[in-house]
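Enquirer: Starting off with a structure, shown below.
In our numbering, the protein residues as written are 1 to 258.
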């Protein structure tokens with residue numbers, strides 16, 4: 001197994017396999033997104049998770065809104081899959097409480113709320129809604145956290161002291177969710193990494209490669225050198241580009257952390 005940390009009571013490898021490619025969210029182009037969504041059938045998603053297990057990864061993250069991805073999660077866990085599932089929850093049915101309940105029923109071991117939706121709560125300073133979401137998630141006796149696309153969002157939530165962990169985007173791609181398209185700026189990575197260090201609670205760094213725009217070795221080195229020793233990184237892996245990407249990423253992380 002890759003090096004692990006105690007993440008809110010869960011033993012989590014410092015490399016977590018993400019799922020944006022599974023759902024067809026490339027953050028590059030519509031054509032690229034369609035390509036990913038077509039490639040990743042439920043069977044190929046499950047195969048990828050099994051290869052992640054073999055490569056020494058023990059945790060996966062997916063959203064709860066892509067039907068074929070959730071189908072794969074249900075089947076994988078039902079078939080005895082060993083990866084523990086952390087869910088990124090969105091109120092895709094206009095009912096976040098129901099979304100949380102469904103994820104727990106499927107087998108989620110931890111939950112965090114979608115960065116675009118938390119960004120919106122921050123914009124409106126809607127503390128009441130966020131507190132209600134977190135309270136409901138924690139009522140299931142699992143760790144609850146938030147994602148966010150800018151340090152300001154995370155510092156706002158951290159000031160309330162209501163969540164167990166944070167998922168920190170290294171690039172402020174929240175522009176996509178606000179209708180402004182993809183807007184990846186290298187300068188965003190530095191304040192994001194500082195944010196993860198300043199927040200005392202465990203953090204998951206994501207989009208560390210700027211959705212495939214940065215060399216993997218450079219991205220992993222920067223991330224692990226700049227986050228806390230108890231933090232992890234979440235990386236999506238598109239095997240359509242390179243079949244052994246899962247094994248390669250695990251080998252890079254193993255080398256860096258050794």
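No residue lacks a Cβ here, since even glycine has one placed at the ideal position from N, Cα and C.
So, are the CB atoms of residue 64 and residue 103 less than 8 Å apart?
Expert: Residue mapping note: residue 64 aligns to position 64 of the chain shown, counting from 1. Residue mapping note: residue 103 aligns to position 103 of the chain shown, counting from 1. The answer is yes: Cβ separation under 8 Å.
Enquirer: Tell me which residues share the same chain as residue 24 and place their Cβ nearer than 7 Å to its Cβ, disregarding the 5 neighbours each side in the sequence.
Expert: For this step, residue 24 is matched to residue 24 along the chain shown. The answer, listed in chain order, is 33, 34, 36, 37.
Enquirer: Please report how far the alpha carbon of residue 111 lies from the alpha carbon of residue 99, in whole angstroms.
Expert: Numbered from 1 along the chain shown, position 111 holds the residue referred to as residue 111. Numbered from 1 along the chain shown, position 99 holds the residue referred to as residue 99. Taking the straight line joining both Cα atoms gives about 10 Å.
Enquirer: Name the DSSP bridge partner or partners of residue 59?
Expert: Within the chain shown, numbered from 1, the residue matching residue 59 stands at position 59. Answer is 84.
Enquirer: Here's the rule: buried if 16 or more other CB atoms are within 10 angstroms of the residue's CB, otherwise exposed. What is residue 218?
Expert: By 1-based counting over the chain shown, the position of residue 218 is 218. Residue 218 is exposed by the Cβ-count criterion.
Enquirer: So residue 90 packs on residue 117, CB below 8 Å; how close in whole Å?
Expert: As a first step, residue 90 is located in the chain shown; it is residue number 90 there, counting from the start. As a first step, residue 117 is located in the chain shown; it is residue number 117 there, counting from the start. Residue 90 to residue 117, Cβ: 6 Å. Contact.
Enquirer: Report the residue ranges of all alpha helix (DSSP H) runs contained in full by the stretch 23–82; include only those spanning at least 4 residues, in chain order.
Expert: 30–39, 42–55, 67–78, all fully within the stretch 23–82.
Enquirer: Using the C-alpha atoms, what's the distance from residue 66 back to residue 74?
Expert: The residue given as residue 74 occupies position 74 in the chain shown. The residue given as residue 66 occupies position 66 in the chain shown. Going by the C-alpha atoms only, they are around 12 Å apart.
Enquirer: Can you say whether residue 220 is buried or exposed, counting buried as having 16 or more other CB atoms within 10 angstroms of its CB?
Expert: Translated into the one-based positions of the chain shown, residue 220 becomes position 220. Buried, because 16 or more other Cβ atoms sit within 10 Å of the Cβ of residue 220.
Enquirer: Out of curiosity, what's the CA-to-CA distance linking residue 215 and residue 27?
Expert: Residue 215 sits at position 215 when you count from the first residue of the chain shown. Residue 27 sits at position 27 when you count from the first residue of the chain shown. Using only the alpha carbons, I get a separation of about 16 Å.
Enquirer: Using CA coordinates, which residue listed in 13, 210, 11, 21 is at the minimum distance from residue 239?
Expert: Start at 1 with the first residue of the chain shown, and residue 239 comes out as number 239. Of the candidates 13, 210, 11, 21, the one whose C-alpha sits nearest the C-alpha of residue 239 is 21.
Enquirer: Along the chain, where does the beta strand (DSSP E) containing residue 203 start, and where does it finish?
Expert: The residue labelled residue 203 in the question sits at position 203 within the chain shown. First-last of the beta strand (DSSP E) with residue 203: 203–206.
Enquirer: Under a Cβ-count criterion, where at least 16 other Cβ atoms within 10 Å of its own Cβ denotes burial, should residue 62 be classed as buried or exposed?
Expert: The sequence position of residue 62 within the chain shown is 62, counting from 1. Buried, because 16 or more other Cβ atoms sit within 10 Å of the Cβ of residue 62.
Enquirer: To the nearest angstrom, how far is it from the Cα of residue 163 to the Cα of residue 18?
Expert: Within the chain shown, numbered from 1, the residue matching residue 163 stands at position 163. Within the chain shown, numbered from 1, the residue matching residue 18 stands at position 18. Cα to Cα, residue 163 sits roughly 21 Å from residue 18.
Enquirer: Return the bridge partner residues of residue 111 from the DSSP annotation.
Expert: For the purposes of this step, residue 111 is taken as residue 111 along the chain shown, with counting starting at 1. Paired residue(s): 87, 144.
Enquirer: Does residue 163 come out as helix, strand or coil in the three-state DSSP assignment?
Expert: The sequence position of residue 163 within the chain shown is 163, counting from 1. Three-state DSSP puts residue 163 in coil, outside helix and strand.
Enquirer: Hey, could you find the ends of the beta strand (DSSP E) residue 16 is sitting in?
Expert: Here residue 16 is taken as the residue at index 16 of the chain shown, counted from 1. That run of the beta strand (DSSP E) goes 15–17.
Enquirer: Over what stretch of residues does the alpha helix (DSSP H) that includes residue 6 continue unbroken?
Expert: The residue you call residue 6 lines up with position 6 of the chain shown. Here residue 6 belongs to no alpha helix (DSSP H); instead the beta strand (DSSP E) covers 4–7.
Enquirer: What does the Cβ neighbour count give for residue 84, buried or exposed, with the cut at 16 atoms within 10 Å?
Expert: Within the chain shown, residue 84 is the residue found at index 84, counting from 1. Counting Cβ neighbours within 10 Å, residue 84 comes out buried, since at least 16 surround it.
Enquirer: Name the residue from 209, 122, 140 whose alpha carbon lies nearest to the alpha carbon of residue 279.
Expert: Past the boundaries of the shown model lies residue 279; the chain is included only from 1 to 258, so the question cannot be answered.
Enquirer: Look at the alpha carbon of residue 3 and the alpha carbon of residue 234, and state the distance between them as a whole number of angstroms.
Expert: Counted from its first residue, the chain shown places residue 3 at position 3. Counted from its first residue, the chain shown places residue 234 at position 234. Approximately 14 Å between the Cα atoms of the pair.
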